[in-house]
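Enquirer: Below is a structure I'd like to ask you about.
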Ligand SMILES: Cc1cc2nc3c(=O)[nH]c(=O)nc-3n(C[C@H](O)[C@H](O)[C@H](O)COP(=O)(O)OP(=O)(O)OC[C@H]3O[C@@H](n4cnc5c(N)ncnc54)[C@H](O)[C@@H]3O)c2cc1C
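Chains as they are written, first to last, in our numbering: chain A, 1 to 251; chain B, 1001 to 1393.
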């Protein structure tokens, strides 16, 4: 069983984001991490690998710095590491085509990814890749296992959860999963250091990135948080309750 | 517990000099400390226990006996070992003490001076954390002067008989394996004593105001009978325990920086958010002076530790190099903890902040593994060629 896990490196949730000239200034990001939903996808992939004696292919499309994340994935058990250069990538359909090309190259049976990346929150990668591969796609899953030739997965339904089975090539996009990504250990880190990362470009993969009808015009920081309000004394309780109920909508 | 994202102070980017492997090990330990240690440390201190989950986790991460190679040991660099100590001690000095004792004081002598059988039998289980080790050198009447120890071993033909007592022994009560230094015919030798050996007991010492999450014990030997194959064949004299101490002290020189960085981090955040006289206290020159001094000393300490790590890995070091780094880095860490306590005002005494705990811990760290002044004497002897430890000699 070939398990492809799609990973994206994003600014760490604790990192400060600075916008300069209408664009996120990537050089100012102090720490890059694996996107949190991707971590759940990776953990599920590792469990599937362990249970089915599979091969786990960790794939990322991004700048050179994202290779570090592949080494981190190797430290917890990824077998094959593929880095696709994001040079020339103009929109998410390009990324999807590149990822799909690698997935085909490695004959992956199942593809796991996060439901969205923590930086762009686009949410299109899983469904987009499935579309290109003509594969089944289940989104917002919390776990996936392989039993009797079928993938069994859990996802939220209207008012509870639903269990979905699919067969054939399938893409699963993870929400918060049931198991946190395992911690690496020294042995894994030492093995990861020796593992080669295979780098590929759009040309290597035969993907044409010339046309795109999307441009990112500008980025702006979120509005400053309004100053808090302070109330002193029991006589304000009704005002506070009313504000919490009607303005903040928290009770 | 007030938690803010930890941004490790690294003013000169010293960590960029680490190898990728060393950085990965750092991140692994750092994440674990954030997730498992910091949320639980105050409780562990209040109860005066070393949480057993931490033993298991250290074994699973594979960091115990970090720089030792073979016999199931990790085989990392000394620099990586230093980084591990620093990250652990950012959590708590008691946690780092556990790892120092296990790796440098209990595993190391078996690894360096043990027989092939001893290495094969003990080391894999100690590297995995299954067996805890301790190191018995200090005695009630012999601290800085261990050479005059009175614990003795007698050769009884088919076994050794140990008599005497050790004190202040980290991990003693929870250890399966004790490496004990005792005199055989007047010569210091290392012996491996197991928890259930007859005549051996390890009662815990209670009432510490420092290293509360670390177990400290007496080791008592009353006609303690151990098999002949438990003596470490490879070393005689003080060189045995001192070789172990060199490695542990090296780790402490990094570890103390972890405490210092935690105190700096907390002091910086506190100073930025605490308003007095209408402005954050961080905006006042006196407070900035304190923060600038902390940053200065931490940065110098980091360079000292890193360079010492390189020397250790290259095998070009002398014990005096280690004395300098242990002495300096613990000294500045303790002073930084005190200044951080001051910046936190009254809040500094609460266990909501890590300050007072680090400060109290560092008092032990200043004393164990060679007191601050003993290291001064070691360096003094190096400079002058005159030993000033004793009037005799
Ligand atoms: C929490 C904790 C854990 C410990 N864990 C261990 C352990 O696992 N294994 C172990 O073997 N030991 C352990 N120790 C013991 C530690 O190593 C000793 O406490 C240390 O060596 C100092 O000995 P002492 O306490 O007897 O102090 P002393 O040697 O009595 O020193 C008291 C003071 O006198 C000074 N002094 C001593 N001699 C001189 C001199 N010649 N000239 C000038 N000043 C001098 C010292 O610097 C110090 O300030 C631990 C101690 C603590 C506090």
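Ideal Cβ positions, reconstructed from N, Cα and C, are used throughout, including at glycine.
If the cut-off is 9 angstroms on Cβ atoms, which residues from the segment 56–78 of chain A count as contacting chain B, listed in chain order?
Expert: Listed by position, the residues of the segment 56–78 of chain A near chain B (Cβ gap below 9 angstroms) are 68, 71, 72 and 75.
Enquirer: Alpha carbon to alpha carbon, what distance is there between residue 1179(B) and residue 1469(B)?
Expert: Outside the shown range of chain B (1001 to 1393) lies residue 1469(B), about which nothing can therefore be said.
Enquirer: Using CA atoms only, rank isn't needed, just tell me which of 41(A), 25(A) and 15(A) is closest to residue 31(A).
Expert: Ranking the options by Cα distance to residue 31(A), first place goes to 15(A).
Enquirer: I want to check one thing, is the minimum distance from the CB of residue 1169(B) to the heavy atoms of ligand 1 below 7 angstroms?
Expert: Result yes, Cβ under 7 angstroms from ligand 1.
Enquirer: Could you spell out where the beta strand (DSSP E) holding residue 164(A) opens and where it closes?
Expert: Element bounds for residue 164(A): 160–166.
Enquirer: Please list, in chain order, all residues of the same chain as residue 75(A) whose beta carbon is under 6 angstroms from its beta carbon, the five residues on each side excluded.
Expert: Here the set comprises 184, 188, 189 and 192.
Enquirer: In chain order, which continuous runs of the beta strand (DSSP E) of length 3 or greater are located wholly inside the segment 1037–1112 of chain B?
Expert: Fully enclosed beta strand (DSSP E) runs of 3 or longer: not present.
Enquirer: At a CB-CB cut-off below 8 angstroms, which residues of chain B make contact with residue 18(A)?
Expert: The premise fails here: residue 18(A) is roughly 15 angstroms from chain B at the closest Cβ pair, so nothing lies under 8 angstroms.
Enquirer: Going by DSSP, what residue range makes up the alpha helix (DSSP H) through residue 1338(B)?
Expert: Looking at the DSSP string, the run of the alpha helix (DSSP H) that includes residue 1338(B) is 1319–1343.
Enquirer: Looking at the unbroken alpha helix (DSSP H) that takes in residue 1380(B), where does it start and where does it end?
Expert: 1372–1384 is the extent of the alpha helix (DSSP H) around residue 1380(B).
Enquirer: So, for residue 1154(B): in the same chain, excluding its five sequence neighbours on each side, which residues have a beta-carbon less than 7 angstroms away from its beta-carbon?
Expert: Contacts found: 1160 and 1161.
Enquirer: Going along chain A, which residues have a C-beta under 7 angstroms from residue 1074(B)?
Expert: The answer, in chain order, is 186.
Enquirer: Using a threshold of 7 angstroms, is the CB atom of residue 1144(B) nearer than that to any non-hydrogen atom of ligand 1?
Expert: Yes; taking the cut-off as 7 angstroms, the Cβ of residue 1144(B) has a heavy atom of ligand 1 nearer than that.
Enquirer: Using a Cβ-Cβ cutoff of less than 8 angstroms, which residues in the same chain neighbour residue 1224(B) once the five nearest sequence positions on both sides are dropped?
Expert: If we look at residue 1224(B) and ignore the five residues flanking it on each side, its Cβ neighbours are 1161, 1162, 1163, 1193, 1197, 1198, 1199 and 1200.
Enquirer: Answer with yes or no whether the minimum CB distance from residue 1012(B) to chain A is below 8 angstroms.
Expert: It does not: the Cβ of residue 1012(B) has no partner Cβ on chain A nearer than 8 angstroms.
Enquirer: Thinking just about the alpha-carbon of each residue, which of 1339(B), 1250(B) and 1229(B) is nearest to the one in residue 1445(B)?
Expert: Beyond the ends of chain B as shown, which are 1001 and 1393, falls residue 1445(B); an answer cannot be given.
Enquirer: Over the uninterrupted beta strand (DSSP E) stretch that includes residue 85(A), give me the two end residues.
Expert: Taken as a continuous stretch (DSSP letters only), the beta strand (DSSP E) holding residue 85(A) covers 80–85.
Enquirer: Assess, as a yes-or-no matter, whether the segment 1070–1087 of chain B is touched by the segment 1309–1326 of chain B under the definition of 3 or more beta carbon pairs within less than 8 angstroms.
Expert: Touching, yes, given that three or more Cβ pairs across the two stretches are closer than 8 angstroms.
Enquirer: On the criterion of 16 or more Cβ atoms from any shown chain inside 10 Å, does residue 1350(B) qualify as buried, or is it exposed?
Expert: Exposed, by the Cβ-count rule.
Enquirer: Among 59(A), 104(A), 220(A) and 109(A), which residue has its Cα nearest to the Cα of residue 22(A)?
Expert: For the residues 59(A), 104(A), 220(A) and 109(A), the minimum Cα distance to residue 22(A) belongs to 220(A).
Enquirer: Among 1376(B), 1254(B) and 1185(B), whose alpha-carbon lies nearest the alpha-carbon of residue 1093(B)?
Expert: Checking every option, the nearest Cα to that of residue 1093(B) belongs to 1254(B).
Enquirer: Does ligand 1 have a heavy atom nearer than 7 angstroms to the CB of residue 1147(B)?
Expert: No; taking the cut-off as 7 angstroms, the Cβ of residue 1147(B) has no heavy atom of ligand 1 nearer than that.
Enquirer: Which runs of the beta strand (DSSP E), 3 residues or longer, sit entirely within the segment 52–116 of chain A?
Expert: Complete beta strand (DSSP E) runs here, min 3: 55–62, 80–85 and 110–114.
Enquirer: How about residue 193(A): is its C-beta nearer than 8 angstroms to some C-beta of chain B?
Expert: At least one chain B Cβ lies under 8 angstroms of residue 193(A).
Enquirer: How long is the line joining the alpha carbons of residue 1245(B) and residue 1320(B), rounded to whole angstroms?
Expert: Distance between the alpha carbons of residue 1245(B) and residue 1320(B) is about 12 angstroms.
Enquirer: What is the C-beta distance between residue 92(A) and residue 125(A), in whole angstroms, given that I count them as a contact (C-beta under 8 angstroms)?
Expert: That pair is a contact at about 7 angstroms.
Enquirer: Just curious, the alpha helix (DSSP H) that residue 1032(B) is in, first and last residue?
Expert: That run of the alpha helix (DSSP H) goes 1020–1032.
Enquirer: Inspect the CB distances between the segment 150–159 of chain A and the segment 1018–1025 of chain B and report whether three or more fall short of 8 angstroms.
Expert: No contact exists between the segment 150–159 of chain A and the segment 1018–1025 of chain B.
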